[in-house]
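Novice:
Number of protein chains: 2
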Amino acid sequence: MMKYEAVTIKDIAKALGLSTSTVSRALRDSYEISPETKKMVLEYSEKIHYRPNPIALSLKEKRSRSIGIIVCEIANSFFSQIINGIESIAYDKGYNVIIAQSHESYDREVINVQYLASRSIDGLLVSVSSETQDLEHLRNLHERGFPIVFFDRIVEEMDTHKVIVDNFKGAYDATVHLIKSGYLCIAALAGSEYLSITKERLLGYRKALEDHGMPFQESAIQYCLHGGMLYNEVEHALDELLKQPNKPDAIIASADKLTTNCLRYFKKLSIKVPDDIALIGFSNLDLTDLLSPSLSVVRQPAFEIGEIATELLIAQIESKRPIQEFERRILPPELIIRESTSK
Amino acid sequence: MMKYEAVTIKDIAKALGLSTSTVSRALRDSYEISPETKKMVLEYSEKIHYRPNPIALSLKEKRSRSIGIIVCEIANSFFSQIINGIESIAYDKGYNVIIAQSHESYDREVINVQYLASRSIDGLLVSVSSETQDLEHLRNLHERGFPIVFFDRIVEEMDTHKVIVDNFKGAYDATVHLIKSGYLCIAALAGSEYLSITKERLLGYRKALEDHGMPFQESAIQYCLHGGMLYNEVEHALDELLKQPNKPDAIIASADKLTTNCLRYFKKLSIKVPDDIALIGFSNLDLTDLLSPSLSVVRQPAFEIGEIATELLIAQIESKRPIQEFERRILPPELIIRESTSK
DNA sequence: AATATTTACGCAATCGTTCCCGGTTATATT
DNA sequence: AATATAACCGGGAACGATTGCGTAAATATT
């Protein structure tokens with residue numbers, strides 16, 4: 002068995018006694034080629050399974066028809082749903098996607114950005130890691146006119162398209178729900194304080210308390226730099242919250258892993274939800290209804306986020322002129338009430 | 002703002018008054034270039050952020066240093082863990098990965114294979130869809146010497162590297178556990194009957210029954226063509242199982258979605274687990290411990306599957322000679338006993 | 001019948017990089 | 001001093017495809 006060798010336009014030309022230009026034009030159905038020649042070329046190409054070499058095309062056209070994605074983790078329902086949305090649009094428009102994971106590490110994010118950029122992708126969809134503060138790696142590309150669209154975890158400092166969920170509203174509604182359910186001391190288990198989503202959600206949380214005349218205290222917020230990826234981090238945060246004088250009777254968790262690790266902690270310590278403490282969390286897991294107790298959640302339209310971000314990115318890639326006006330799309334979250342927050 | 006234009010070797014050559022050959026050699030640290038010239042070239046390249054164009058390299062070297070992955074779904078813990086394993090090895094060895102999803106559809110699998118193959122990838126990692134019977138789309142590539150490695154859902158008809166879990170043992174052990182726990186009528190909720198994993202698991206299930214002198218009946222097996230992706234499918238299968246004269250008191254489910262949709266069904270019909278019926282399932286979710294009741298599972302070493310498959314694939318890609326002897330790696334599953342199977 | 005136009009195709013440059021051939025100096029060998 | 005040998009660098013083809021330009025033959029126009 003010989004090594005895999007793809008058939009080229011040259012092979013067709015040689016076999017048919019034509020020039021490569023004629024074959025190329027015949028394949029593209031050019032008016033300059035006679036119907037008989039076209040037929041001959043097409044039939045022969047079909048027979049030997051000719052497929053144009055996209056690498057050669059990319060080199061010529063200076064575009065690869067592929068886009069890069071950077072997320073913290075694909076083994077995370079929220080992001081894998083987003084990726085499904087991205088993929089659905091990308092493949093429709095003839096783009097393929099290359100996925101890279103930061104695993105919430107700034108260093109890996111930088112490496113991935115440079116790697117993807119050097120792989121000559123046409124654009125980048127980014128949700129930054131929870132460690133990211135310095136943006137040089139992205140600003141660099143952006144300043145050279147490289148198309149970037151941020152989603153979910155965005156950075157305000159850069160002027161690009163952005164697709165997010167109304168995090169303020171999500172947290173506000175969740176907190177109001179807790180207040181109206183009669184909980185009196187509501188704590189917040191938050192992700193990295195560097196992240197836009199963390200800031201927005203905490204603002205919603207505070208505003209809800211304020212609007213209902215409830216006291217706010219800084220100590221009722223605990224941050225987890227790695228967004229709940231590490232159980233120990235969550236354990237420590239909850240230890241801190243629960244040892245306080247006015248122990249919280251409800252918790253709002255700001256991310257998927259935060260929420261589930263919270264439950265794991267409660268289970269370990271035999272803390273009953275919602276009897277001992279109520280829990281509501283941002284989550285896109287599709288079995289929060291099966292958890293014990295079933296979980297009240299703020300659900301985000303992940304698939305749509307991916308779709309919209311990709312549409313914006315591809316529009317920018319294919320636009321003749323530089324974009325003047327960047328869009329900021331804000332999607333509504335959905336509040337789903339279940340057992341974990343009902344007295 | 003102008004369009005993004007990458008700097009090339011030609012730019013460096015022009016700026017420094019050298020030829021492209023010299024610049025290329027200087028960058029590759031060739032002995033033919035003087036230390037001074039090297040220094041000059043290297044410093045200038047650094048200054049203007051020169052990055053070699055991988056597209057041009059791919060065209061020359063006839064390889065793209067990227068591999069394709071085909072799975073049914075990335076929003077599935079088992080597969081996203083596998084992808085993590087794949088990625089870890091691939092990036093280490095300088096390959097990037099392009100992921101395509103079949104969503105359990107044969108047609109989409111064929112389209113994806115053709116798409117990936119035309120994107121000039123160097124090799125393919127495949128776990129077939131549950132609908133796949135005809136293998137022409139893969140055999141085609143394989144016969145032309147294109148490197149393919151199957152993982153998890155393999156096809157026996159093709160001579161390639163294969164990485165799987167010992168599905169027989171997983172199902173056998175799980176069934177034995179149910180038998181020893183005192184369950185008398187054990188039903189199997191299986192995935193697509195076309196899949197290798199389904200066949201192997203059912204063989205393990207039957208052997209366990211046989212070894213313990215328990216009767217086997219064909220009606221105790223229900224197949225779900227889409228592997229539990231659709232709730233209705235699972236609902237129908239369970240309806241069938243539960244309306245039988247000798248109603249099962251335990252179920253072994255053959256896949257993640259099968260298991261969770263089973264739980265959803267039980268919850269909906271207020272069937273108590275494990276009191277009314279016991280449940281054990283193949284699953285790689287990392288919150289089966291938090292479910293109600295906590296779930297007994299057969300867990301597969303997903304990350305390792307991805308790692309090994311990728312190592313085998315890249316070894317084959319980079320091997321000078323065609324592979325003579327294809328490997329078949331079989332990894333051990335892990336049986337985790339929890340509440341859902343304890344009387 | 002001479003010229004104009006259309007039809008149908010080939011040549012060669014191009015994309016960015018590598019690498020096989022050269023060739024020109026400077027240094028080493030006799 | 002004449003020749004051999006490094007040391008160093010440039011020219012140009014190649015990878016696969018597209019495309020502007022040139023041109024031969026066939027057909028149309030007058």
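Chain order of the listed sequences is A and B.
Okay, so the first sequence: first residue is 2 according to the numbering used here, each after it adds one.
Okay, so the second sequence: first residue is 2 according to the numbering used here, each after it adds one.
Don't be surprised by glycine CBs; every beta carbon is placed ideally from N, CA and C.
Source: prediction; values computed, not measured.
#1: Does the Cβ-Cβ distance between Leu126(B) and Val150(B) come in under 7 Å?
#2: Would you kindly check if the distance between the Cβ of Pro249(A) and the Cβ of Val274(A) is under 7 Å?
#3: Taking Asp160(A) as the reference, give the member of Ala254(A), Ala16(A), Glu144(A), Gly228(A) with the closest Cα.
#4: Give the residues of chain A in contact with Arg52(B), contact being defined as C-beta atoms less than 7 Å apart.
#5: Using C-beta distances below 6 Å, list every residue in its chain close to Asn426(A), excluding the 5 sequence neighbours before and after it, in chain order.
#6: Give the range of the alpha helix (DSSP H) segment to which Ala118(B) is assigned.
#7: At a Cβ cut of 8 Å, what residues of the region 243 to 276 of chain A count as close to chain B, listed as they run along the chain?
#8: Using 7 Å as the threshold, is the C-beta distance between Ser103(A) and Ala191(A) below it?
#9: Less than 7 Å between the C-beta atoms of Glu306(B) and Ile83(B), yes or no?
#10: Who pairs with Val164(A) in a beta bridge, going by DSSP?
#11: Please state whether DSSP places Asn97(A) in a helix, a strand or coil.
#12: Could you spell out the range, first to last residue, of the beta strand (DSSP E) harbouring Tyr224(A)?
#13: Listed from N- to C-terminal order along the chain, which residues in the region 68 to 82 of chain B have their beta-carbon within a distance smaller than 7 Å of any beta-carbon of chain A?
#14: Flag Leu288(A) as yes if its beta-carbon sits less than 7 Å from any beta-carbon of chain B, otherwise no.
#15: Who are the neighbours of Gln301(B) on chain A, taking C-beta pairs under 7 Å?
#16: Within 10 angstroms of the Cβ of Gln317(B), are there 16 or more other Cβ atoms? Answer buried if so, exposed if not.
#17: Would you tell me roughly how many angstroms separate the C-alpha atoms of Glu74(A) and Ala16(B), rounded to the nearest one?
#18: Using the beta-carbon count (16 or more within 10 Å), is Leu210(B) buried or exposed?
#19: At the 7 Å Cβ level, is Met3(A) part of the contact set with chain B, yes or no?
#20: What first and last residue would you give for the beta strand (DSSP E) that runs through Leu126(A)?
#21: Can you tell me which of the three DSSP states Ala189(A) falls into?
#22: Grouping DSSP H, G and I as helix and E and B as strand, with all else coil, what is Ile34(B)?
#23: Measure the CB-CB distance between Ser119(B) and Arg52(A) and report whether it falls below 7 Å.
#24: Using a Cβ-Cβ cutoff of 7 Å, what residues of the region 36 to 67 of chain B are near chain A? List them in chain order.
#25: Taking just the CA atoms, how far does Glu44(A) sit from Arg109(A)?
#26: Rounded to whole angstroms, how far is the Cβ of Thr176(B) from the Cβ of Ile252(B), which I believe are closer than 8 Å?
#27: Give me the Cα-Cα distance between Ser20(B) and Ile324(B), rounded to the nearest whole angstrom.
#28: Taking Asp12(B) as the reference, which of Tyr32(B), Ile49(B), Thr261(B) has the closest Cα?
#29: With a threshold of 16 other CB atoms inside 10 Å of the CB of Asn247(A), please say whether the residue is buried or exposed.
#30: With a 10 Å radius around its C-beta and 16 neighbouring C-beta atoms as the bar for buried, classify Gly229(B) as buried or exposed.
#31: Using beta-carbon positions only, say whether Gly86(B) and Phe267(B) come within less than 7 Å of one another.
#32: In chain A, what lies closer than 7 Å to Asn366(B) by C-beta?
#33: Specify the secondary structure class of Ile278(A) as computed by DSSP and reduced to three states.
#34: Does the CB of Leu313(B) have a neighbour CB from chain A at under 7 Å?
#35: Which word fits Ile70(A), buried or exposed, when buried means at least 16 other C-beta atoms lie within 10 angstroms of its C-beta?
#36: State yes or no: is the beta carbon of Ser193(A) nearer than 7 Å to at least one beta carbon in chain B?
Specialist: Let me lay it out:
#1: Contact flag set, yes.
#2: Taking 7 Å as the Cβ cut-off, Val274(A) and Pro249(A) do not qualify as a contacting pair.
#3: Glu144(A)
#4: Ser119
#5: Here chain A covers residues 2 to 344 and nothing more, so residue 426(A) does not appear.
#6: 107 to 119
#7: Thr261, Leu264, Arg265, Lys268
#8: no
#9: According to the sequence provided, residue 306(B) is Ile. The question's Glu does not apply to it. Against a cut-off of 7 Å, the Cβ pair of Ile83(B) and Ile306(B) comes out as a contact.
#10: Phe152(A), Arg330(A)
#11: strand
#12: 222 to 224
#13: Ile75, Ala76, Ser78, Ser81, Gln82
#14: Any Cβ of chain B closer than 7 Å to the Cβ of Leu288(A) would place that residue at the interface, and such an atom is present.
#15: Residues of chain A passing the Cβ test: none, with the nearest at roughly 14 Å.
#16: buried
#17: 43 Å
#18: buried
#19: Residue confidence for Met3(A) is low, a pLDDT of 42 falling below 50, so the modelled location carries little weight and cannot support an answer.
#20: 124 to 127
#21: strand
#22: coil
#23: yes
#24: For the region 36 to 67 of chain B, residues whose beta-carbon sits nearer than 7 Å to a beta-carbon of chain A comprise Arg52, Asn54, Pro55, Ile56, Ala57, Ser59, Leu60, Ser65.
#25: 49 Å
#26: About 11 Å separates the two Cβ atoms, so there is no contact after all.
#27: 41 Å
#28: Ile49(B)
#29: exposed
#30: buried
#31: no
#32: The structure shown does not extend to residue 366(B), since chain B is modelled only from 2 to 344, so the question has no answer here.
#33: coil
#34: Not an interface residue.
#35: Ile70(A) comes out buried.
#36: no
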